[in-house]
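Peer 1: In the working numbering, the protein residues as written are 2 to 886. Sharing a structure below in structure tokens format, with a few things to ask.
Shown next, in the form of structure tokens:
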């Protein structure tokens, strides 16, 4: 597969092989509110590599991005459009299978006031402002702009195959280069899956497709895909007679395990980031299936309402604005209308007694909710009144028909907006696809039917699993600067009240067979672990008797805002300041075989020159800066608050930046003497250098830094019992109890441990170290750091939770010596990915300044290298030298 070939390139050349190809100009033209995540940067880098450097690329080009629901495919589409515009493409045909998805996408691409608008306020490429234009026909194309036709695949097919006034015709695409963008592309693969070999014939006659085994909708989509897209548009030639069209496909659910699809797409899938990776990387909610042995669906609905209100209260307590939404799903439109009426009756007549009834038969999650209400003096009477208000008629919405009003479509696609007060949605299947919502936290199944076949999930169950997958989008929030807004924070703290903000609840009747089938479908699509486990990791009673617990201190640094007013040069912004640029030599080889010898023409004479930007004519510098909106004064002020003007920036900041040019001697000499004929070349070089400078400033634009002062904190202040959640079926997590009796190891502070194989290997090794340590120290304690204590990188404030902290204590020469050592077992590949972590650990011994407020005890933070098989010798030597000496 193509993506596997690219994976191999990454393994050979480094984790950031594709990421470092990211074009800063493209990033600057995306909406700055959407920070590109690491995997998105890699996807864009792969795209750039394919078209610029991949030797086996094909035209017309067809590529597929297989990315999980919620992973930001639409932002990738926007970035790809910008990249292709820079390559010369001007015509883009975006198509999907449903109108509701189309309207949402049109809004995201065309409406700058939309909360989900994808582009920057101004799109500037090569110094020129570019517009995003919607077109109805190719006659509307403006060559200086990005021209997008938004359509459904069936509408496009009909326009091209049933000619009428202003219709699209096949000839319109002759002599042009078009980009076809297929969203939710898995819909067009039903034909490929057919077992009937005759179905693999693309066209039996002009429209004589073999449609056996397809439903009506699939038949229409097949005709459109095979006839209009693949036969009439994709292979068209440009005015030079070349086939340069591009077909880009995007989907979360491509069945690459199907042999025919795998074969068809083996050279087309450029990036695969499926739901398994998305969830394991912490970018999604976790799913909880809440079964209730309650026949009345409205009682299940009320339970979801109570939990939704609890979720809102938890967010409010932590000063987070959240309006959680519930989806009530029915089997048919008629049932949905009945359920909406029943729900309305339930809420309008809700009394404290109804809530008391639920409280008496509460599940674990509901018990937590009612306990919270009681602890915070929220009576059931007040809770009922709040629910009546929050779920009033105007705050509930039914979305059951394809003909629903535009107003409903806007409401259902803007549920996160503060001015959108909708709390409950009633639907059948209108929201199964193309619905992007972050604040959906509860789905309530209001029916009991199953459609299993041969003990396998049926189409309805699979559709329900896919709907749950759409609800897994993470609701971003942070409680402190060191947290990542877009990733889960409480997997290793399962009892934390805030964990409910990272969970999607699916409420259904207690039907073991159905739930088993649903979980099978969820596990297959990567939305759920095989064996979710929760384990209590408790502090040992014996440890609480030690001096470490009773009066021990841990020394930690703090996170503080970077004081940008102290910046004096670009080096403070981590700009390298020296770059290289190779001019073309136009060298060619010609030869002929004479007497078995190949005779070549003379080599071109080359030269090089190092130039400071301050030596370049001011007009050229200013012209280049004006073309790049990153260097607009208002933007630069964000990074350099003391900047007084663009002249100040050129003279005092940019002037000392240097670059080395290498090329033909004649060219280098002309640039050296400021030959005006070479000013365009100099502009090109300077534009390249300034783009790199802009990226370095942006990438190193740190808002925080870690202090070098380490202050004491009581160990017992944050060290506590924890419940951790993990996938027991994964090979990643192992129990230490399979390897040693950790309960009776005096040196370990906790009564259990679940971790990686490398972490377990370290604990076994530490048991050997302990025999030597106890000869030197009276008190020894190793603590698993379950995110109790963070340290912050001095340079940029990145957060690091070392896996273990070792505390040592002894009396020596009449004084007490206390030693604190952070220990991190880490495989080599992860060290290479995040080298700053080991650099920070190794720097602590010299750089950390301990604030000690009492005499008679000598504190030190010691540094050990990370622990793994390759570093074990270094680790042992450092241990002997620093701790056992």
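By construction, the Cβ of each residue, glycine as well, lies at the ideal position given by its N, Cα and C atoms. Since the model is a prediction, treat every value here as computed from it, not as a measurement.
DSSP state of residue 550, grouped into three classes?
Peer 2: If DSSP states are grouped into helix, strand and coil, residue 550 belongs with the helices.
Peer 1: Report the start-end ranges of each alpha helix (DSSP H) in the region 821-859 that is 4 residues or longer and not cut off at the edges.
Peer 2: The qualifying runs are 829-834, 836-848.
Peer 1: For the beta strand (DSSP E) containing residue 8, list its first residue and its last residue.
Peer 2: No beta strand (DSSP E) contains residue 8, which is instead part of the alpha helix (DSSP H) from 3-14.
Peer 1: Under the three-state reduction of DSSP, which class applies to residue 750: helix, strand or coil?
Peer 2: coil
Peer 1: Could you say which of 562, 368, 576, 607 lies nearest to residue 584 if we only look at CA atoms?
Peer 2: If we check each option's Cα against that of residue 584, 607 comes out closest.
Peer 1: Indicate the three-state DSSP secondary structure (helix, strand or coil) for residue 196 in the structure shown.
Peer 2: In this prediction, residue 196 has a pLDDT of 41, which is less than 50 and means its spatial position is unreliable; what the coordinates show is noted afterwards. Correct three-state label for residue 196: coil.
Peer 1: Please look up how many angstroms separate the CB atoms of residue 807 and residue 783, rounded, as I've assumed it's under 8 Å.
Peer 2: 5 Å
Peer 1: Excluding the five sequence neighbours on either side, which residues of its own chain have a C-beta within less than 6 Å of the C-beta of residue 117, listed in chain order?
Peer 2: 109
Peer 1: Tell me whether residue 98 is buried or exposed, calling it buried when 16 or more other Cβ atoms sit within 10 Å of its Cβ.
Peer 2: buried
Peer 1: Using only CA atoms, which one of 313, 870, 329 lies nearest to residue 322?
Peer 2: When only C-alpha atoms are compared, the closest one is 313.
Peer 1: With respect to the alpha helix (DSSP H) encompassing residue 760, which residues constitute its N-terminal and C-terminal limits?
Peer 2: 758-777
Peer 1: Under 8 Å, with one C-beta from each stretch per pair, do the region 50-65 and the region 119-129 reach the 3-pair mark?
Peer 2: no
Peer 1: Which one or two residues does DSSP pair with residue 624 in a beta bridge?
Peer 2: DSSP output for residue 624 lists no bridge partner at all.
Peer 1: Output yes or no for whether 8 Å exceeds the beta carbon distance between residue 825 and residue 771.
Peer 2: no
Peer 1: Is the beta carbon of residue 473 sitting closer than 8 Å to the one on residue 70?
Peer 2: yes
Peer 1: Looking only at its own chain, which residues have a Cβ that is under 6 Å from the Cβ of residue 515, when we skip the five neighbours before and after it?
Peer 2: 451
Peer 1: For residue 590, count the other beta carbons within 10 Å of its own beta carbon; 16 or more makes it buried, fewer makes it exposed. Which is it?
Peer 2: Residue placement at residue 590 is flagged as unreliable, the pLDDT there being 46, under the threshold of 50; a coordinate-derived value is accordingly withheld.
Peer 1: Which parts of the region 16-75 are runs of the alpha helix (DSSP H), unbroken and 4 residues or longer, counting only runs that do not cross its ends?
Peer 2: 25-29, 39-53
Peer 1: Please list, in chain order, all residues of the same chain as residue 837 whose beta carbon is under 6 Å from its beta carbon, the five residues on each side excluded.
Peer 2: 794
Peer 1: Rounded to a whole number of angstroms, what is the C-alpha to C-alpha distance between residue 673 and residue 567?
Peer 2: In this structure, the alpha-carbon of residue 673 lies about 36 Å from that of residue 567.
Peer 1: Under 7 Å Cβ to Cβ from residue 80, same chain only, skipping five residues before and after it: list those, please.
Peer 2: Closer than 7 Å at the Cβ level, and outside the excluded window around residue 80, lie 27, 31, 45.
Peer 1: Please return the same chain residues whose Cβ sits closer than 6 Å to the Cβ of residue 849, not counting the five positions on each side in sequence.
Peer 2: 711, 862
Peer 1: In the DSSP assignment, what are the bridge partners of residue 964?
Peer 2: Because residue 964 is not part of the residues shown, which for the chain are 2 to 886, the question remains open.
Peer 1: Using the C-alpha atoms, what's the distance from residue 791 back to residue 717?
Peer 2: 15 Å
Peer 1: Using a threshold of 8 Å, state whether the C-beta atoms of residue 50 and residue 88 are closer than that.
Peer 2: Taking 8 Å as the Cβ cut-off, residue 50 and residue 88 do not qualify as a contacting pair.
Peer 1: Whose CA, out of 703, 774, 724, 779, lies closest to the CA of residue 800?
Peer 2: 703
Peer 1: Would residue 480 be called buried (16 or more neighbouring beta carbons within 10 Å of its own) or exposed?
Peer 2: exposed
Peer 1: Let me know if residue 331 comes out buried or exposed under the rule of 16 or more other beta-carbons within 10 Å of its beta-carbon.
Peer 2: buried
Peer 1: Is the Cβ-Cβ distance between residue 580 and residue 693 less than 8 Å?
Peer 2: yes
Peer 1: List the whole-angstrom C-beta distance separating residue 924 from residue 561, where the pair is believed to meet the contact cut-off of C-beta under 8 Å.
Peer 2: Absent from the structure is residue 924, since the part of the chain shown begins at 2 and ends at 886.
Peer 1: Determine contact between the region 375-383 and the region 278-292, defined as no fewer than three beta-carbon pairs at a distance below 8 Å.
Peer 2: Under the three-pair Cβ rule at 8 Å, the region 375-383 does not count as touching the region 278-292.
Peer 1: Around the C-beta of residue 648, are 16 or more other C-beta atoms found within 10 angstroms, so that it is buried, or is it exposed?
Peer 2: With a threshold of 16 other beta carbon atoms within 10 Å, residue 648 falls short and is exposed.
Peer 1: Residue range of the beta strand (DSSP E) that residue 183 falls in?
Peer 2: Counting along the chain, the beta strand (DSSP E) containing residue 183 begins and ends at 179-184.
Peer 1: I'd like the span of the beta strand (DSSP E) that includes residue 150, first residue to last.
Peer 2: Note, residue 150: beta strand (DSSP E), 147-153.
Peer 1: If contact is defined by three or more beta carbon pairs under 8 Å, each pair taking one atom from either stretch, is the region 502-515 in contact with the region 439-458?
Peer 2: yes
Peer 1: On the DSSP letters alone, give me the boundaries of the beta strand (DSSP E) that residue 663 sits inside.
Peer 2: 659-665
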